[in-house]
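Q:
Numbering (the working numbering), first residue to last: 534 to 700.
(1) Just verifying my parser: in three-state terms, what is the DSSP assignment at residue 615?
(2) Below 9 Å between beta carbons: does that hold for residue 608 and residue 559?
(3) For residue 625, verify whether its CB is less than 8 Å away from any heavy atom of the ligand ADP.
(4) How about residue 636 and residue 622: do their beta carbons lie closer than 9 Å?
(5) Along the chain, where does the beta strand (DSSP E) that runs through residue 641 open and close?
(6) In chain order, what residues of the same chain have a beta carbon less than 7 Å from the beta carbon of residue 601, not counting five sequence neighbours either side?
(7) If you follow the beta strand (DSSP E) that residue 626 is in, where does it begin and where does it stop?
(8) Which residues does DSSP list as the beta-bridge partners of residue 651?
(9) With a 10 Å radius around its C-beta and 16 neighbouring C-beta atoms as the bar for buried, classify residue 568 as buried or exposed.
(10) Starting from residue 565, trace the alpha helix (DSSP H) both ways and give me its first and last residue.
(11) Does the Cβ-Cβ distance between residue 580 and residue 680 come in under 9 Å?
(12) Just the Cα atoms here: how many angstroms apart are residue 561 and residue 695?
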């Protein structure tokens, strides 16, 4: 039941390849939306991007010629992963955890424990309902989930490196 098939491997490779270009893809999308955000892998950029996501989600008016709101959320997840990599040197791995995350791309390598992973795919997919299904996730209440995940990864990384916890 828990076997990384060639299909799962291919999906993982495709996701990681797309993630590498997430900053460029976001810049292109935002330019076409007429929105200016400095795409620099920062916490601030993630806060602004999630606000844009929620603005479109609440209004229900994401321009169909540019995709859909789910595509935008997925792009934010890939950008979150690249942001964590930028600050911590972590990397994309394919989850082999024997749970519902099996086979998903996740970010690992910023902590030392197997549970210190971040799953951008799951965050992206479940973002709209997190306030109901998992309201204790940091950032859910103030709609800054992606920024809080970046802060979490950096904090763990710096703790393991023996550094201060500030960005």
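All C-beta atoms, glycine included, are put in the ideal place defined by N, C-alpha and C.
All values reported here derive from a predicted model rather than from experimental measurement.
A: Let me lay it out:
(1) helix
(2) yes
(3) You won't find the ligand ADP in this model; it holds no ligand whatsoever.
(4) no
(5) 638 to 641
(6) 595
(7) 624 to 627
(8) 640
(9) exposed
(10) 555 to 566
(11) yes
(12) 38 Å
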